[in-house]
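Which chain is which? The protein sequence lines are A and B, in order.
Number 343 marks the last residue of the first sequence (this note's numbering); no jumps.
Number 343 marks the last residue of the second sequence (this note's numbering); no jumps.
Below is one structure, written out as C-alpha cells; the observations come after it.
Number of protein chains: 2
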Amino acid sequence: EILIQNVTKIYPMGESKVYALRDISLSIKQGEFVCLLGPSGSGKSTLLYVIGGLEEANEGRVDIFGERITDYDQNQLSLFRRNYIGFVFQSFNLFTRHTASENVQIPLFFARRDKRTRKEQADGLLELVGLKDRILHKPGELSGGQQQRVSIARALVSDPPLILADEPTGNLDSKTGKEIIELFVNLNKDNGKTIIIATHDKAVAQFAHKIVYLRDGCIQNVEENKI
Amino acid sequence: EILIQNVTKIYPMGESKVYALRDISLSIKQGEFVCLLGPSGSGKSTLLYVIGGLEEANEGRVDIFGERITDYDQNQLSLFRRNYIGFVFQSFNLFTRHTASENVQIPLFFARRDKRTRKEQADGLLELVGLKDRILHKPGELSGGQQQRVSIARALVSDPPLILADEPTGNLDSKTGKEIIELFVNLNKDNGKTIIIATHDKAVAQFAHKIVYLRDGCIQNVEENKI
Ligand SMILES: Nc1ncnc2c1ncn2[C@@H]1O[C@H](COP(=O)(O)OP(=O)(O)OP(=O)(O)O)[C@@H](O)[C@H]1O
Ligand SMILES: Nc1ncnc2c1ncn2[C@@H]1O[C@H](COP(=O)(O)OP(=O)(O)OP(=O)(O)O)[C@@H](O)[C@H]1O
Ligand SMILES: [Mg+2]
Ligand SMILES: [Mg+2]
Numbered sequence: 117e118i119l120i121q122n123v124t125k126i127y128p129m130g131e132s133k134v135y136a137l138r139d140i141s142l143s144i145k146q147g148e149f150v151c152l153l154g155p156s157g158s159g160k161s162t163l164l165y166v167i168g169g170l171e172e173a174n175e176g177r178v179d180i181f182g183e184r185i186t187d188y189d190q191n192q193l194s195l196f197r198r199n200y201i202g203f204v205f206q207s208f209n210l211f212t213r214h215t216a217s218e219n220v221q222i223p224l225f226f227a228r229r230d231k232r233t234r235k236e237q238a239d240g241l242l243e244l245v246g247l248k249d250r251i252l253h254k255p256g257e258l259s260g261g262q263q264q265r266v267s268i269a270r271a272l273v274s275d276p277p278l279i280l281a282d283e284p285t286g287n288l289d290s291k292t293g294k295e296i297i298e299l300f301v302n303l304n305k306d307n308g309k310t311i312i313i314a315t316h317d318k319a320v321a322q323f324a325h326k327i328v329y330l331r332d333g334c335i336q337n338v339e340e341n342k343i
Numbered sequence: 117e118i119l120i121q122n123v124t125k126i127y128p129m130g131e132s133k134v135y136a137l138r139d140i141s142l143s144i145k146q147g148e149f150v151c152l153l154g155p156s157g158s159g160k161s162t163l164l165y166v167i168g169g170l171e172e173a174n175e176g177r178v179d180i181f182g183e184r185i186t187d188y189d190q191n192q193l194s195l196f197r198r199n200y201i202g203f204v205f206q207s208f209n210l211f212t213r214h215t216a217s218e219n220v221q222i223p224l225f226f227a228r229r230d231k232r233t234r235k236e237q238a239d240g241l242l243e244l245v246g247l248k249d250r251i252l253h254k255p256g257e258l259s260g261g262q263q264q265r266v267s268i269a270r271a272l273v274s275d276p277p278l279i280l281a282d283e284p285t286g287n288l289d290s291k292t293g294k295e296i297i298e299l300f301v302n303l304n305k306d307n308g309k310t311i312i313i314a315t316h317d318k319a320v321a322q323f324a325h326k327i328v329y330l331r332d333g334c335i336q337n338v339e340e341n342k343i
C-alpha cells in the first residue's frame with residue numbers, strides 16, 4: 117500500500133512562500149485506481165511528484181510498498197523509481213533528439229534487455245496507443261496528443277507496479293482519450309497495478325475506486341466509488 | 117475575412133511523407149468564432165500554424181484581411197504576426213528565465229509602450245486569467261494550467277484582431293476553463309475579434325459560429341451554428 121502522512125510542501129518565493137501541499141494524509145491500497153481532481157494550481161502535480169520522490173516534502177512521510185521513500189537519498193530514490201514507478205508527465209518530458217521508439221526504450225536500458233527485445237517491447241506499446249506509424253518520428257515531428265501518448269508508452273514499458281499519471285488525456289480527443297483510459301483500467305483490473313491519475317477529465321474519474329478532491333494544497337474530500 | 121484555398125502541407129520523413137493537410141479550403145468572416153475539432157493528429161495545429169504564417173504551405177494560398185500572407189517572406193510574416201495575430205501555443209512556448217509578467221509584456225515591446233504601461237497592461241491581463249498572485253513566478257514555478265494561462269494572456273496583450281488558440285483549455289479544470297472560454301467569447305462579441313480555436317473540448321464548440329471537423333488532414337464537415 118501507499119501511505120502519505122502529514123505531507124507539507126512549501127516552495128520559497130523570494131520573501132514569501134507558496135504552500136503547494138498542506139498537511140496531506142492519504143492511504144492507497146495496492147491495486148487501487150485513484151483519481152486526483154481539483155482546480156488548476158491546487159497541488160495535483162506536486163502531490164504526484166512527492167509520491168514519486170521527484171520532489172522532497174518539507175514535512176511528513178511517504179511509504180510505498182513498505183519502503184519509506186522520504187528517508188531515501190537521491191540514488192536510492194532513483195533506483196526505487198526505476199524499479200517501481202512509471203511516471204507520465206503533464207508536459208511529457210521527452211528527449212527531443214530521439215525518436216518515439218528510442219524514447220520508449222529508455223527505461224528498458226536499466227533492465228538490460230538486448231536491443232531487439234527493447235525495440236519490440238517499445239514498438240508494441242506504441243502500437244497499443246495508436247502510434248504504429250509514428251515510431252520513427254521525433255517529438256518535434258509529432259502532434260501534441262501524439263507526444264502525450266509517447267510519454268504514456270514510456271511510463272508503461274518496464275511494467276511498473278505503480279503508475280503516476282499527470283493529466284494523461286489533456287491533449288487527446290474523447291475517442292483517443294477513452295482508449296487510453298481503457299488501457300489504464302485494464303492494467304489495473306488485469307495486471308493489478310496501482311494507478312494514481314491527476315486529471316481534469318471527469319471521464320477518468322468514473323473508473324476510479326477512490327476520488328481525492330484537492331483545493332489550495334489541502335484534501336477537501338475523498339469519495340469511495342463502488343465499482 | 118480569412119480565405120484558405122487548396123492548402124496542402126507535407127512533412128518529409130526520410131523516404132516517406134506525412135500529408136498533414138490535404139487540399140484544405142475554408143473561408144472565415146471577420147468577427148467569426150471558429151472551432152477546429154478533430155482527432156489527435158488530424159492537422160489542427162498544422163492548420164493554425166499555416167494560417168498564422170508559422171509554417172509554409174506546400175500548395176495553396178492564405179489571405180488574411182486582404183493580405184496574401186503565403187506570398188510574404190520571413191520579415192513580412194514576422195511584422196504581420198506582430199501587428200495582427202495573437203497565438204496561444206499548445207505547449208505554451210514561454211521564456212523559462214522570465215516571470216509571467218515579463219513573458220506577457222514581450223509583445224508590447226514592439227508597440228513601444230513605456231515600461232510602466234507595459235507592466236500595468238500585462239499584469240491586468242494576468243489578473244483577468246486568475247494569476248494575480250503568480251505575476252513574479254517563472255514558468256518552472258507555475259502549474260501546467262497556470263503556464264497555459266500565461267500563454268493566453270501573452271496572446272491577448274497587444275489586442276490583436278485575430279486570435280489563433282491551440283487547445284487553450286487542455287490543462288484547465290472545467291471552472292477555470294469556462295472562465296477562459298467566456299473571455300474569448302467576450303473578445304469576440306464585444307471587441308469583434310476573429311477567433312479560431314483548435315480544441316478537444318466540446319464545451320468550447322458550443323459557442324462557435326462555425327465548427328470545422330478535421331480528419332487525416334482533410335476537412336470532413338463544416339457546421340454552421342446559429343448563435
Ligand atoms: N515536423 C513534422 N514532421 C513530420 N510529421 C509531422 C510534423 N509535425 C506534425 N506532423 C504530423 O502531422 C500530423 C498533424 O499534426 P498536428 O500537430 O497538426 O495534429 P493535431 O490535430 O494538432 O493533433 P493533436 O490533437 O494531437 O494536437 C500528425 O500526424 C503529426 O504526426
Ligand atoms: N517551483 C515552484 N515555485 C513556486 N511555486 C510553485 C512551484 N511549483 C508549483 N508552484 C505552485 O504550487 C501550486 C501547486 O502547483 P501544482 O503544479 O501542483 O498544481 P496542479 O494542481 O497540478 O495544477 P494544474 O491543474 O494547473 O496542472 C501552484 O499554485 C503553483 O503556482
Ligand atoms: Mg498539474
Ligand atoms: Mg495539436
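Every residue, glycine too, gets a C-beta built ideally from N, C-alpha and C.
Where residue i meets chain A, residues with beta-carbon distance less than 7 Å
{"i": "B/Thr124", "result": "Ordered by position in chain A, no residue passes the 7 Å Cβ test against B/Thr124, which lies about 17 Å from the chain."}
{"i": "B/Thr292", "result": "Pro155, Ser156"}
{"i": "B/Gly286", "result": "Gly286, Asn287"}
{"i": "B/Gln336", "result": "Ordered by position in chain A, no residue passes the 7 Å Cβ test against B/Gln336, which lies about 13 Å from the chain."}
{"i": "B/Glu171", "result": "Under the 7 Å cutoff, chain A gives no residues; its nearest Cβ is about 12 Å from B/Glu171."}
Cβ-based burial, residue i [other Cβ within 10 Å; buried from 16]
{"i": "A/Val245", "result": "buried"}
{"i": "B/Arg265", "result": "buried"}
{"i": "A/Pro128", "result": "exposed"}
{"i": "A/Ser132", "result": "exposed"}
{"i": "B/Gly182", "result": "exposed"}
{"i": "A/Lys231", "result": "exposed"}
{"i": "B/Lys125", "result": "buried"}
{"i": "A/Arg228", "result": "exposed"}
{"i": "B/Gln237", "result": "buried"}
{"i": "B/Gly256", "result": "exposed"}
{"i": "A/Phe226", "result": "exposed"}
{"i": "B/Leu288", "result": "buried"}
{"i": "B/Val338", "result": "exposed"}
{"i": "B/Leu303", "result": "buried"}
{"i": "B/Arg317", "result": "As written in the sequence, residue 317 of chain B is Asp, which differs from the Arg given in the question. Per the 10 Å Cβ criterion, buried."}
Beta-carbon spacing of residue i, residue j below 8 Å
{"i": "A/Tyr200", "j": "A/Ile180", "result": "yes"}
{"i": "B/Lys326", "j": "B/Pro277", "result": "no"}
{"i": "B/His214", "j": "B/Lys248", "result": "no"}
{"i": "B/Cys151", "j": "B/Ala271", "result": "no"}
{"i": "A/Leu210", "j": "A/Gln263", "result": "yes"}
{"i": "A/Arg197", "j": "A/Gly168", "result": "yes"}
{"i": "A/Lys314", "j": "A/Leu164", "result": "First, the amino acid is wrong: residue 314 of chain A is Ala here, not Lys. Closer than 8 Å, so yes."}
{"i": "B/Ala324", "j": "B/Gly293", "result": "no"}
{"i": "A/Ala173", "j": "A/Val220", "result": "no"}
{"i": "A/Gly202", "j": "A/Ile279", "result": "yes"}
{"i": "A/Ile185", "j": "A/Ile335", "result": "no"}
{"i": "A/Ser217", "j": "A/Leu252", "result": "yes"}
Rounded distance between the beta-carbons of residue j and residue i, thought under 8 Å
{"i": "A/Arg250", "j": "A/Leu258", "result": "6 Å"}
{"i": "A/Gly286", "j": "B/Gly286", "result": "5 Å"}
{"i": "A/Gly159", "j": "A/Leu330", "result": "5 Å"}
{"i": "A/Glu171", "j": "A/Ser143", "result": "Incorrect: roughly 20 Å between the Cβ atoms, too far for contact."}
{"i": "A/Asp275", "j": "A/Phe205", "result": "In fact, because the Cβ distance is near 19 Å, the residues do not count as touching under 8 Å."}
{"i": "B/Phe149", "j": "B/Ile311", "result": "5 Å"}
{"i": "B/Phe208", "j": "B/Ser267", "result": "4 Å"}
{"i": "B/Val273", "j": "B/Leu224", "result": "6 Å"}
Chain A contact residues for residue i, given Cβ-Cβ distances below 9 Å
{"i": "B/Glu257", "result": "Tyr127, Met129, Val134"}
{"i": "B/His214", "result": "None at all; the shortest Cβ gap to chain A is about 15 Å."}
Listed by chain order, chain B residues near residue i by CB distance under 9 Å
{"i": "A/Asp289", "result": "Leu153, Gly154, Pro155, Ser156, Ser158, His316"}
{"i": "A/Gln322", "result": "Within 9 Å Cβ-Cβ: nothing; A/Gln322 doesn't reach chain B, min ~15 Å."}
{"i": "A/Glu175", "result": "Per Cβ cutoff of 9 Å: no residues; A/Glu175 is ~20 Å from chain B at best."}
Closer than 7 Å at the beta carbon, the chain B residues around residue i
{"i": "A/Gly147", "result": "Those within 7 Å of A/Gly147 in chain B number zero; the least Cβ separation is about 28 Å."}
{"i": "A/Gly182", "result": "The contacting residues do not exist; A/Gly182 stays about 31 Å from chain B at best."}
beta-carbon residue i near ligand 5 non-hydrogen atom, thresh 7 Å
{"i": "A/Thr162", "result": "Here the bound small molecules are ligand 1, ligand 2, ligand 3 and ligand 4; ligand 5 is not part of this structure."}
Per-residue contacts from residue i into chain B (C-beta, under 8 Å)
{"i": "A/Ser161", "result": "Ser259, Gly260"}
{"i": "A/Gln206", "result": "Gly260, Asn287"}
Residue i: contacting residues in chain A (beta-carbon distance under 8 Å)
{"i": "B/His253", "result": "Met129"}
{"i": "B/Gln237", "result": "Those within 8 Å of B/Gln237 in chain A number zero; the least Cβ separation is about 23 Å."}
**Asked** For the segment 298-328 of chain B, which segments carrying the alpha helix (DSSP H) assignment without a break, of at least 4 residues, lie completely within its bounds, in sequence order?
**Response** 318-321
**Message:** Please give the ranges of any beta strand (DSSP E) in the segment 173-224 of chain A, keeping only runs that are unbroken, at least 3 residues long and fully inside the region.
**Reply:** 175-180, 201-204
**Item:** Contained beta strand (DSSP E) runs [length at least 3] in the segment 124-152 of chain B, N- to C-terminal order
**Value:** 132-144
**Message:** Restricting to runs no shorter than 3 residues, where is the beta strand (DSSP E) found entirely within the segment 251-282 of chain A?
**Reply:** 278-282
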